[in-house]
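J.: Take this structure, written in structure tokens, and hold onto it; I'll ask about it next.
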Amino acid sequence: MTAQTPPTPPFRDQRLPFAKRIDDLLSRLTLDEKIGFLHQFAPAVERLGVAEFRTGQEALHGVAWMGPATVFPQAVGLGATWNTDLVRRVGEAVSKETRAMRARDDRVGLNVWSPTVNLLRHPLWGRNEEGYSEDPKLTSAIAVAYTRGLRGDHPTYWRTAPVLKHWLAHNNETGRDVTSSSVRPRVLHEYDLRAFRETVEAGATAGVMPAYNLVNGRPNHVSPYLREHLRTWTDEDLLVCSDAGAPSNLVDSEHYFDTHEEATAAAILAGVDSFTDHGTDSSKITARVRGALEQGLLTESDLDAAVRRQLSVRFRLGEFDPEYDPHALTGDFDTPAHRALAQEAAEQSVVLLKNSGGLLPLAPDTRLAVVGLLADECKLDWYSGTLIHRSTPLEGLYERFGAERVEFAEGVDRVLLKTSAGTFLHVPEADAADEVRGAEGALDPALLAGRTDLPPLTTDPTGTEFALVDWGEGVLTLRAPDGRYLSVAEDGRVRASADQPGGWVVQETFRLEPHENGHLLRHIGTGHHVSVAADGVRVAEANPEIFQVIVVESGEDAVTRVTSEADVVLVVAGNDPHINGRETEDRPTLALPAHQERLLRAARSTNPNTVLALVSAYPYAVDPAALPAILWTSHGGQAAGTALARVLAGDVSPAGRLPQTWYADDADLPDLLDYDVIGSRQTYLYFEGTPLFPFGHGLSYAAFSYADPRTTVGDDAVEVSFTVTNTGDVTADEVAQLYIRAVDPTVPRPRRELVAHDRVRLEPGEQRELTFEVPLSAFDFWDVARGGWRREAGPYELLAGASSEDVRLRTTVLLDGEAAAPRNVLQLGLSAADFDDQSGVAIVDRTKTSGDAVTAAQGRSAELVYRDCDFGDGVAEVTAAVAGDGVVEISLDGGPALAVLTSRASDASPYDYTTLSAEIIAEGVRDVHVRLRGPLRLAHVGFSG
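Start counting at 1 in the sequence shown, then tack on 2, and there's your number in the working numbering.
What follows is the structure, encoded as structure tokens:
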């Protein structure tokens, strides 16, 4: 007899819809197997032939952490292209390389944690480089393009499965796991949710990662918004992956829950499906889940919901249909097309900020002096892959203009470090091969150790000359003549061993601290001082060495030496992405570091034809007055130098546009933790000052005219068209931008708001008609009085032009809308967080699972205003639902207090609410003012007759 072939289980049957197949596989999993699936590193289920699975592969601007890959411009640079087609192609290339790399290294995952759609609300945020724009519309447009490229075009199978980061209202590294973003309802709906919503609704998103912070007093990992908003935007199963270590933070740093079992259960019930915690060790998370089940905090059906969402992603990635997966044999890696695309993206991201007198483009026979700390660098950030190809600005200019026409001075201070014994720090010769940090790939590069195969520094009578750079705020790097940076490994010894500063804790930065007649040299990573011992130089808690810093040549002298005879000087300044502004560290200032200001002044004083090229992950406040030309580009990836050189030479006309406002001074900025973009007038939407360079700004080597505006108001949209003509003499791209503005709003509305844009390439003399469909919903605002969207009837301006401030065409349309209705306070009362205006208020969690309350920030005093409250024929009593200790004062129209309610419950839980009442006389439609004193929480105010 012949043995019968076992029947194919339904979950392996490609003819069935995914939902039925997932049902079948889920029914076959044991409880323990389901629990195992909840950790980032889900184990294999060998009895069913199900492979192990890992959520999370960083791919922000190329495949990161897993060794060599094509490196594209940073995300903020991709945002500066304003080119959705280009960004889609970049996403496509990244996803193809992800597939190709996975084919030879199964550590590479297909669930990619990208893009970052946090809005660049505040330019001092350390992770500015990871976002696309301060504007929700531009951010979502670029994010949709990137996710579509990552996903691929196949209707069933996804090339990779993108997860959006970081949900929600997350723009500070300072105390990022313990600070709460106070986000009023209008800001929530009109600003912070928008980029996520529009990207998810586009249909190429597999999931979302919650952020470390709290929003309105509640950690994002237990946010009800995951349920109330995110999962309502699509019919697809969205996989919610925790950020690394965040589940443990719920207890360990945030102290939001008493036990990890409670915290884990709350996260699962809120919608977290995959726990990224404790690296590859899943035992702690699985033990917490089992504990939560045993305590009745979770049921198996709760786990089923989470596992189902993970399986949905795995099925879409073709894991269970390898023979039908159209992406299974994808091998595109470091192809000529990818290299060309990296250069195209870098070229398109360059923004020309100023160009007086036509200094740019440079003539072919220009004698050029290139100076600056970034001139011969191709910097990577924390979320980069390892470079296969590398082009610095200096290399690009050598190639384009010829090395004989280019002089170079880096501008470092060249120093000797003299010890108290009269000897000097010395770098011994070493035979060890060069190594590039992370070249072999790592699931967690934070665990990569420093090199110990090189000899530690010693001292000798002559010493080694170091290149000293002050990156700002006294943070220094010291580089040996062979290009290696001084670094400290786990054994505490100081070596010249690092190819670049980097790592989760940077081990290549120091501070010089004045001490007696010299300086102590503190290693920032360990906090210890450098000490000279018989067996070499090390960092130690005791016996710090006192150094004399002997300047052999200052950076200014080196710059002056090469700039005087040049036709044009190019100063390349900016940041190192691992220093003074990065994940875990916000920037302290917009100012260019003093060392680089010194170099800029030296170049400018020697040669007035000085061009400043800023290569940075964020905006700077620089004085443009004495500079004829300024450019900005993010760290542009592997082709950055070639791209910048081609723009300077005029081979490419610059057409990048600023994706965020460049402010003139730190004084223009709100507090980093002030998330009320409306109340504190943040971003181009509300900022009332004069920016250094406005949102959307960018110049060209061509000129463009705008004409023939036409508008048609339809049932669902306003159609806007106009023509753009290249009136210059070179082929160039123009980024046409369309904004709207409510002319007579009854509530604060944006000064102008981007609703559409198009990047078009035009030959000299060519004219193009552009047409945009602006949905009527774009004119709506969140009406806190009704808890929903509303459009006011009246005039709205449509503004077309080359930036948010360079408006070329204006036209006005009259739109129908809904009239405002007074607040029905007799029936509904006032939800405390639904205020129209506030001063000194923080929004907090009413309970740990849902709802908002308000409190006085830092427990002092605060005021809330609720406009147009209808008391009808009159009321006689006011009630307030409060928790904690303090006073609530109620007044009308800003007058004296008519009711004072005092709560004395200092020992009560912040979630223990009680209702206070007092007499009040009010009638008609009035503005209600509520003043809070003390740390009490107010959830609701009610009125009755």
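Note that the Cβ used here is the ideal one computed from N, Cα and C, for glycine as well.
Please read all numbers here as calculations on a predicted model, not as lab measurements.
Is the beta carbon of residue 335 sitting closer than 8 Å to the one on residue 68?
T.: Locating residue 335 in the sequence shown gives position 333, where the first residue counts as 1. Locating residue 68 in the sequence shown gives position 66, where the first residue counts as 1. No, the Cβ-Cβ distance between residue 335 and residue 68 is not below 8 Å.
J.: Around the C-beta of residue 364, are 16 or more other C-beta atoms found within 10 angstroms, so that it is buried, or is it exposed?
T.: Residue mapping note: residue 364 aligns to position 362 of the sequence shown, counting from 1. Buried, by the Cβ-count rule.
J.: Buried or exposed for residue 976, going by 16 or more other Cβ atoms inside 10 Å?
T.: Absent from the model: residue 976. The displayed extent of the chain is 3 to 947, so no value can be given.
J.: Applying the criterion that 16 or more other CB atoms from any shown protein chain within 10 Å of the CB defines a buried residue, is residue 111 buried or exposed?
T.: The residue you call residue 111 lines up with position 109 of the sequence shown. Burial check for residue 111: the Cβ neighbour count within 10 Å reaches 16 or more, so the residue is buried.
J.: Could you tell me whether the region 370 to 383 touches the region 410 to 420, where touching means 3 or more Cβ pairs closer than 8 Å?
T.: yes
J.: Among the candidates 644, 932 and 797, whose CA atom is the shortest distance from the CA of residue 75?
T.: By 1-based counting over the sequence shown, the position of residue 75 is 73. Looking at the Cα atoms, 644 is the closest of the given residues.
J.: Out of 580, 798 and 585, which has the shortest C-alpha to C-alpha gap to residue 751?
T.: Here residue 751 is taken as the residue at index 749 of the sequence shown, counted from 1. Checked all of 580, 798 and 585; the closest Cα to residue 751 is 798.
J.: Determine the burial state of residue 282: buried for a count of at least 16 other Cβ atoms within 10 Å of its Cβ, exposed for fewer.
T.: Position 280 of the sequence shown, counting from 1, holds the residue named residue 282. Looking at its Cβ environment, which holds fewer than 16 other Cβ atoms inside 10 Å, residue 282 is exposed.
J.: Could you pull out every residue in the same chain whose Cβ sits closer than 8 Å to the Cβ of residue 764, ignoring the five residues on either side in sequence?
T.: The count along the sequence shown starts at 1 and reaches residue 764 at position 762. For residue 764, where only same-chain residues beyond five positions count, the Cβ hits under 8 Å are 704, 706, 726, 727, 728, 733, 734, 735, 736 and 770.
J.: With burial defined as no fewer than 16 other Cβ atoms inside 10 Å of the residue's Cβ, what is the status of residue 275: buried or exposed?
T.: Mapped onto the sequence shown, residue 275 falls at position 273. Flag for residue 275 reads buried.
J.: Leaving out the 5 sequence neighbours to the left and right, which residues in its chain are closer than 6 Å to residue 786 when beta-carbon positions are compared?
T.: The count along the sequence shown starts at 1 and reaches residue 786 at position 784. These residues qualify, in order along the chain: 187 and 836.
J.: Can the beta-carbon of residue 573 be found less than 8 Å from the beta-carbon of residue 601?
T.: Start at 1 with the first residue of the sequence shown, and residue 573 comes out as number 571. Start at 1 with the first residue of the sequence shown, and residue 601 comes out as number 599. Contact annotation: residue 573 and residue 601 have beta-carbon atoms nearer than 8 Å.
J.: Just curious, the alpha helix (DSSP H) that residue 397 is in, first and last residue?
T.: If you number the sequence shown from 1, residue 397 lands on position 395. 395 to 403 is the span of the alpha helix (DSSP H), which, as asked, contains residue 397.
J.: Going by the CB atoms, is the gap between residue 163 and residue 319 shorter than 8 Å?
T.: By 1-based counting over the sequence shown, the position of residue 319 is 317. By 1-based counting over the sequence shown, the position of residue 163 is 161. Cβ distance < 8 Å, so residue 319 and residue 163 count as in contact.
J.: Return the CA-CA distance between residue 205 and residue 887, expressed in angstroms with no decimal places.
T.: Locating residue 205 in the sequence shown gives position 203, where the first residue counts as 1. Locating residue 887 in the sequence shown gives position 885, where the first residue counts as 1. The straight-line gap separating the alpha-carbon atoms of residue 205 and residue 887 is approximately 48 Å.
J.: From 715, 557, 789 and 840, pick the residue whose C-alpha is nearest to that of residue 816; which is it?
T.: By 1-based counting over the sequence shown, the position of residue 816 is 814. Taking each of 715, 557, 789 and 840 in turn and checking the Cα distance to residue 816, the smallest one comes out for 715.
J.: Cα separation between residue 473 and residue 630?
T.: Counted from its first residue, the sequence shown places residue 473 at position 471. Counted from its first residue, the sequence shown places residue 630 at position 628. So the alpha carbons of these two residues sit roughly 25 Å apart.
J.: According to DSSP, is residue 803 helix, strand or coil?
T.: Numbered from 1 along the sequence shown, position 801 holds the residue referred to as residue 803. DSSP places residue 803 in the strand class (E or B) of the three-state scheme.
J.: Would you report the Cα separation of residue 828 and residue 871, rounded to the nearest angstrom?
T.: Position 826 of the sequence shown, counted from the start, is the residue given in the question as residue 828. Position 869 of the sequence shown, counted from the start, is the residue given in the question as residue 871. A straight line joining the alpha-carbon of residue 828 with that of residue 871 spans about 9 Å.
J.: Less than 7 Å between C-beta atoms, sequence neighbours within five positions excluded: which residues of the same chain meet that for residue 290?
T.: Residue numbering aside, residue 290 sits at position 288 when the sequence shown is read from its first letter. Cβ neighbours of residue 290 beyond the five flanking positions: 262, 263 and 266.
J.: Could you work out which residue in 524, 541 and 551 is closest to residue 422 when comparing CA atoms only?
T.: For the purposes of this step, residue 422 is identified with residue 420 of the sequence shown, where counting begins at 1. Sorting 524, 541 and 551 by C-alpha distance to the C-alpha of residue 422 places 551 at the top.
J.: Determine, using beta carbons only, whether residue 44 and residue 54 come nearer to each other than 8 Å.
T.: Here residue 44 refers to the residue found at position 42 of the sequence shown. Here residue 54 refers to the residue found at position 52 of the sequence shown. In contact: residue 44 and residue 54 (Cβ atoms closer than 8 Å).
J.: Write down the C-beta distance between residue 203 and residue 384 rounded to the nearest angstrom, noting that I regard them as a contact closer than 8 Å.
T.: Mapped onto the sequence shown, residue 203 falls at position 201. Mapped onto the sequence shown, residue 384 falls at position 382. The Cβ separation is near 30 Å, so there is no contact.
J.: Report the rounded CA-to-CA distance for residue 790 versus residue 9, giving the unit in angstroms.
T.: Taking the sequence shown and counting its residues from 1, the one referred to as residue 790 is at position 788. Taking the sequence shown and counting its residues from 1, the one referred to as residue 9 is at position 7. Looking at the two C-alpha atoms, the distance is approximately 53 Å.
J.: Can you check whether the CB of residue 867 is closer than 8 Å to the CB of residue 931?
T.: Translated into the one-based positions of the sequence shown, residue 931 becomes position 929. Translated into the one-based positions of the sequence shown, residue 867 becomes position 865. Closer than 8 Å, so yes.
J.: Taking contact to mean 3 or more Cβ pairs, one atom from each stretch, closer than 8 Å, check whether the region 144 to 164 and the region 180 to 194 are in contact.
T.: no
J.: Just the C-alpha distance for residue 244 and residue 604, rounded to the nearest angstrom, thanks.
T.: As a first step, residue 244 must be located in the sequence shown, where it is residue number 242. As a first step, residue 604 must be located in the sequence shown, where it is residue number 602. Roughly 49 Å separates the two Cα atoms.
J.: Taking three-plus beta-carbon pairs below 8 Å as touching, is the region 481 to 497 in contact with the region 508 to 516?
T.: yes
J.: Relative to the alpha-carbon of residue 587, which residue among 873, 658, 141 and 674 has its alpha-carbon at the smallest distance?
T.: Position 585 of the sequence shown, counting from 1, holds the residue named residue 587. Comparing Cα-Cα distances from residue 587 to each of 873, 658, 141 and 674, the minimum goes to 674.
J.: Do the CB positions of residue 623 and residue 646 come within less than 8 Å of each other?
T.: Here residue 623 corresponds to residue number 621 of the sequence shown, with the count starting at 1. Here residue 646 corresponds to residue number 644 of the sequence shown, with the count starting at 1. Cβ distance not < 8 Å, so residue 623 and residue 646 don't count as in contact.
J.: Which runs of the alpha helix (DSSP H) at least 4 residues long sit entirely within the region 429 to 459? Give them in chain order.
T.: none
J.: Let's test the definition: count the other Cβ atoms within 10 Å of the Cβ of residue 62 and tell me whether it reaches 16, buried, or not, exposed.
T.: As a first step, residue 62 is located in the sequence shown; it is residue number 60 there, counting from the start. It is buried - the Cβ of residue 62 has at least 16 other Cβ atoms within 10 Å.
J.: With residue 723 and residue 773 assumed to form a contact (beta carbons below 8 Å), what rounded beta-carbon distance in angstroms separates them?
T.: What you label residue 723 is simply residue 721 of the sequence shown in a count that begins at 1. What you label residue 773 is simply residue 771 of the sequence shown in a count that begins at 1. Their Cβ separation, rounded to whole angstroms, is 4 Å, which keeps residue 723 and residue 773 in contact under 8 Å.
J.: Counting C-beta neighbours from all protein chains within 10 Å, is the total for residue 923 16 or more, i.e. buried, or is it exposed?
T.: Position 921 of the sequence shown, counted from the first residue, corresponds to residue 923. Classification for residue 923: exposed.
J.: Tell me the residue span of the alpha helix (DSSP H) that contains residue 103.
T.: The residue you call residue 103 lines up with position 101 of the sequence shown. Per DSSP, residue 103 belongs to the alpha helix (DSSP H) from 86 to 106.
J.: Ends of the beta strand (DSSP E) at residue 63?
T.: Here residue 63 refers to the residue found at position 61 when the sequence shown is read from its first residue. Looking at the DSSP string, residue 63 is not in any beta strand (DSSP E), and its letter there is neither H nor E.
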